[in-house]
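See below for the structure under consideration.
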Amino acid sequence: MRFFCFPAVLMATLSFFSSPLMAEQLTIERIFEGGSLSGPSPRALEISPDGSRVTFLRAKADDQNRLDLWEYNIKDGSTRLLVDSNEIAPQGETISDEEQARRERARTANFSGILAYQWSPDGKRLLFPLGDALYLFDLDATLLASEGNNKRAAPLRRLDTGGAVIDPRISPKGGFVSFVREQNLWLIDLASNARRQLTRDGGGTLHNGEAEFIAQEEMDRSRGYWWAPDDSAIAFQQYNEAPVPLVRRFEVQAERTDVIEQRYPAAGQPNVTTRLGLVTPTGEDVRWIPVGEDIYLARVDWANPKQLAYQRLDRAQQKLDLVMVDAATLQQTTLVSDTSATWINLNDDLRFLPGGKGFIWGSERTGFHHLYRYDMEGTLGHAISAGDYNVDKLLAVDAKAGIVYAESNRNFVGDHQVYAFALDGSTALKPQRISQRDGTHKAEFAHDASFYVDTFSDPTTPPQVAIVGNDGKRIAWIEENKLDAQHPMWPYRHLLTKPEFGTIAASDGQVLHYRIYKPEGFDPTKKYPVFDIYYGGPTSQRAARDFGDKPGDMFNRYMAQQGYVVFTLDNRGTPRRGRQFSDPIFHQLGAIEVDDQVTGIHWLKAQPWIDGARIGVYGWSYGGYMTTMLLAKASGDIAAGVAVAPVTDWSLYDTMYTERYLGRPQDNKAGYVRSATFAWLDGLASPLLLMHGMADDNVLFTHSTKLMAALQEHGIAFELMTYPGGKHGLSTPEMKIHAFTLIADFFDRKVKGPNPQEALPRGAEPMVPPTSE
49 MRFFCFPAVL MATLSFFSSP LMAEQLTIER IFEGGSLSGP SPRALEISPD
99 GSRVTFLRAK ADDQNRLDLW EYNIKDGSTR LLVDSNEIAP QGETISDEEQ
149 ARRERARTAN FSGILAYQWS PDGKRLLFPL GDALYLFDLD ATLLASEGNN
199 KRAAPLRRLD TGGAVIDPRI SPKGGFVSFV REQNLWLIDL ASNARRQLTR
249 DGGGTLHNGE AEFIAQEEMD RSRGYWWAPD DSAIAFQQYN EAPVPLVRRF
299 EVQAERTDVI EQRYPAAGQP NVTTRLGLVT PTGEDVRWIP VGEDIYLARV
349 DWANPKQLAY QRLDRAQQKL DLVMVDAATL QQTTLVSDTS ATWINLNDDL
399 RFLPGGKGFI WGSERTGFHH LYRYDMEGTL GHAISAGDYN VDKLLAVDAK
449 AGIVYAESNR NFVGDHQVYA FALDGSTALK PQRISQRDGT HKAEFAHDAS
499 FYVDTFSDPT TPPQVAIVGN DGKRIAWIEE NKLDAQHPMW PYRHLLTKPE
549 FGTIAASDGQ VLHYRIYKPE GFDPTKKYPV FDIYYGGPTS QRAARDFGDK
599 PGDMFNRYMA QQGYVVFTLD NRGTPRRGRQ FSDPIFHQLG AIEVDDQVTG
649 IHWLKAQPWI DGARIGVYGW SYGGYMTTML LAKASGDIAA GVAVAPVTDW
699 SLYDTMYTER YLGRPQDNKA GYVRSATFAW LDGLASPLLL MHGMADDNVL
749 FTHSTKLMAA LQEHGIAFEL MTYPGGKHGL STPEMKIHAF TLIADFFDRK
799 VKGPNPQEAL PRGAEPMVPP TSE
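Structure follows, in structure tokens:
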């Protein structure tokens, strides 16, 4: 009788955490081939200018890499497909080499269909490219057509661009569509349909209206031109890559080898030269704005129709200037100069306040990133935020209400939360937290800051998208993404156990944060092998309180299913912790990061439920570099390691990223030598699995070939897998299935081993060890 009187909530809980014996076992094939396990996750969420709609991109049910354009109507709560990419391009689409390169830089090369779009300022049209074509979508025409009115033109209009384009944009007043074609800036007058070429000298090594390789790869700047807010002019970057050395790299495919010629600015070598131009929509003569020699053009913004602002970073990346330009006279005035003894991290927190009432500026001058208010002459007024925590991103400003909304990890290092600060600085030390659930919130605010679209997840909650008021209260779901019987993760819900978060003291006493997933059926009386995964580099935090919705993140849960403790530690040098935490890597990489990871391994060995002889390490990219350095410096503590696409010689990597931390090779020769894997190879004694895509254009395959040769010269055996045609993230699901299957097998052979007394997940069968290797 008591059983049948159980409350419904308790019954649901018992069902959710049912025995793994009754649940389906997750496979590597399912992770990478069967569609996203995170459920329907909208991408590129945008609120219409009038606040009536939210548009987004969504993957097709049968192809998680092909995206269509959707909308959510806030008034009636309806969701509908606006543009089906297959209807426009049923056979797929071709893209130019320039667009392919941009997608590689944006990490979207694996996607097809509609990858980007933009609202017109009146909220009635959407601009988007598909393949080599450019389209305007008229929402009013769509609504009339759905009501049976056939008097209006079709909602979709293909623009006559005259050829393949990149970076199309609607002007702020909606009169023009601009784009870059064949290294020149063009526009279409939407009233007359006339196409006009604004620059004519582009070609060869000279580019107009484009962002150079370094800007796209390292500055998070993909655009190279900026409209004045009244459509009166366009500011554009012109860069000349002639000074950059022309290098040849080889992309090894399955049946051929492509020789790619590329002007690649490796550390210590020349960068492009650059200047700013101003041109009117009529195509009158360009007026030029010199920005300096051997600098990085970091950001460009219009303060108002008469004033253009740009940010200039010196080559050493230790001084950042905010410069104001009078659009009529081209006179320049430096408003702010930030300096650092190590390096400056760029941000997107500049906001000009309406009515000429100053601007907001983001800076790490106190050791943590915070927001500051200035007047239009560059005089500092006050701090908007302050304290020993990090403001990650300025989200919105409600100038009338005097409120600034920003993303921060103030309450927990591994969270992203939304906070409200007073514009006058009165709540700098005690902001109001707006977002309500612990975990990761990514917010996109409406133009008037009255509400925002919130994408939330935590370790047991797949990404959920909601409309939320600026008081933090949910108004409506866009995608609730319920974890029910229809959800793709439902058969594997037994894997959604909450990870444990904790801290360890580093050698200097600083706090290191970790995350642990324990195996299914964890028994504290047994000893478990460890899958130690990290990134370790200065641009990524991994011990985060989120769902981990990328397929590679789901592999962590797979390894826990296979009986491993999955451990992640964020070492010094990683972001969101302040400059005292990040700066110890300055002028030598692979030192303090390795020390911290070894500290984490020693902590693991002290736990009674860890088999200290069976700790393996794994990383990709910077994480792959970390694996090679860990094995070279601390093989005595590590059973084996996997390095995928590792950097091994920092002199082969690009100028801006590498010099930010190491300086130029000619100025820090010892730092480059000690930061490379080769200086430490005599200590590499544990088994290594080295993996690399043979067409990697980010961390070039040369990094691994140099390591192979050095290992052979030292007489060090290792296992190797290379992928013909594989880019940095490996290019196809088949490659990823192959790679992660090898990683799991390597850990089973070299870390877990054949001992029949080892801890296994309940219901699993012991692995039969191979007869030979």
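Count along the sequence shown from 1, then add 48; that gives the number in this note's numbering.
All C-beta atoms, glycine included, are put in the ideal place defined by N, C-alpha and C.
Let's test the definition: count the other Cβ atoms within 10 Å of the Cβ of residue i and tell me whether it reaches 16, buried, or not, exposed.
{"i": "P632", "result": "buried"}
{"i": "N319", "result": "buried"}
{"i": "L710", "result": "buried"}
{"i": "A718", "result": "exposed"}
{"i": "S474", "result": "exposed"}
{"i": "S498", "result": "exposed"}
{"i": "L737", "result": "buried"}
{"i": "A524", "result": "exposed"}
{"i": "W234", "result": "buried"}
{"i": "R269", "result": "buried"}
{"i": "S133", "result": "buried"}
{"i": "I308", "result": "exposed"}
{"i": "V735", "result": "As written in the sequence, residue 735 is Pro, which differs from the Val given in the question. So P735 ends up on the buried side."}
{"i": "N459", "result": "exposed"}
{"i": "T322", "result": "buried"}
{"i": "G325", "result": "buried"}
Rounded to whole angstroms, how far is the Cβ of residue i from the Cβ of residue j, which I believe are closer than 8 angstroms?
{"i": "D237", "j": "R244", "result": "7 angstroms"}
{"i": "S388", "j": "Q359", "result": "That pair is no contact at about 14 angstroms."}
{"i": "A468", "j": "P479", "result": "6 angstroms"}
{"i": "Q484", "j": "G520", "result": "5 angstroms"}
{"i": "T675", "j": "P656", "result": "Incorrect: roughly 27 angstroms between the Cβ atoms, too far for contact."}
{"i": "L755", "j": "T696", "result": "5 angstroms"}
{"i": "V452", "j": "V445", "result": "5 angstroms"}
{"i": "Y720", "j": "S699", "result": "6 angstroms"}
{"i": "G257", "j": "Q285", "result": "7 angstroms"}
{"i": "I432", "j": "L401", "result": "The Cβ separation is near 12 angstroms, so there is no contact."}
{"i": "G773", "j": "M739", "result": "Contact doesn't hold; Cβ gap of about 14 angstroms is too wide."}
Taking the C-alpha atoms as reference points, what is the distance between residue i and residue j?
{"i": "T305", "j": "N746", "result": "18 angstroms"}
{"i": "L590", "j": "F794", "result": "According to the sequence shown, residue 590 is Arg rather than Leu. Each residue's alpha carbon lies about 23 angstroms from the other."}
{"i": "V646", "j": "H751", "result": "24 angstroms"}
{"i": "E81", "j": "I785", "result": "8 angstroms"}
{"i": "G404", "j": "A454", "result": "22 angstroms"}
{"i": "D644", "j": "I686", "result": "14 angstroms"}
{"i": "Y673", "j": "D349", "result": "37 angstroms"}
{"i": "P177", "j": "D659", "result": "54 angstroms"}
{"i": "S67", "j": "L679", "result": "Any reading at S67 needs caution, since the residue's pLDDT is 45, under 50, leaving its predicted position unreliable; the model's value is listed next. Taking the straight line joining both Cα atoms gives about 38 angstroms."}
{"i": "A476", "j": "G83", "result": "44 angstroms"}
{"i": "G801", "j": "V690", "result": "16 angstroms"}
{"i": "R712", "j": "Q355", "result": "35 angstroms"}
{"i": "P353", "j": "A792", "result": "58 angstroms"}
{"i": "R413", "j": "Y582", "result": "29 angstroms"}
{"i": "N158", "j": "N113", "result": "7 angstroms"}
{"i": "P817", "j": "R797", "result": "In this prediction, P817 scores a pLDDT of 36, lower than 50, which makes its location untrustworthy; the coordinate-derived value is nonetheless stated afterwards. Computed Cα separation, rounded: 7 angstroms."}
{"i": "Q512", "j": "T488", "result": "11 angstroms"}
{"i": "Q636", "j": "F493", "result": "40 angstroms"}
{"i": "G211", "j": "F224", "result": "17 angstroms"}
{"i": "A661", "j": "G731", "result": "18 angstroms"}
{"i": "N197", "j": "D502", "result": "For N197, the pLDDT reaches just 48, beneath the cut-off of 50, and the residue's location in the model is therefore unreliable, leaving the point undetermined."}
{"i": "D279", "j": "P216", "result": "15 angstroms"}
{"i": "L421", "j": "S385", "result": "Per the sequence shown, residue 421 should be read as Arg rather than Leu. Their Cα atoms are separated by approximately 14 angstroms."}
Verify the CB distance criterion: does residue i have a CB-CB separation below 8 angstroms to chain D?
{"i": "R150", "result": "Protein chains in the displayed structure number just one, and chain D is not present."}
Candidates the options: which alpha carbon is nearest residue i's?
{"i": "T623", "options": "P586, Y612, Q636", "result": "Note that residue 623 is Pro in the sequence shown, not Thr. Minimum Cα distance to P623 is reached at P586."}
{"i": "P90", "options": "S779, Y705, I162, G222", "result": "I162"}
{"i": "K172", "options": "E141, D659, L204, I143", "result": "L204"}
{"i": "E527", "options": "A259, Q112, D111, S126", "result": "S126"}
{"i": "A733", "options": "D594, Q714, A682", "result": "A682"}
{"i": "G222", "options": "N256, G429, W275, L398", "result": "W275"}
{"i": "N288", "options": "E72, D374, Q714, P313", "result": "P313"}
{"i": "T390", "options": "Q301, I76, G621", "result": "G621"}
{"i": "V300", "options": "V799, S96, L748", "result": "L748"}
Would you check whether the ligand ADP has a heavy atom nearer than 7 angstroms to the C-beta of residue i?
{"i": "V747", "result": "The ligand ADP is not among the ligands present in this structure, which contains no ligands whatsoever."}
When the Cβ atoms of the region 101-108 are set against those of the region 116-132, are three or more pairs found closer than 8 angstroms?
yes
Are the region 759-767 and the region 569-584 touching by the rule of at least three beta carbon pairs closer than 8 angstroms?
no
Does the structure place the region 326-340 close enough to the region 771-780 that three or more beta carbon pairs sit under 8 angstroms?
no
Closer than 8 angstroms is the cut-off here; do at least three beta carbon pairs connect the region 364-382 with the region 607-623?
no
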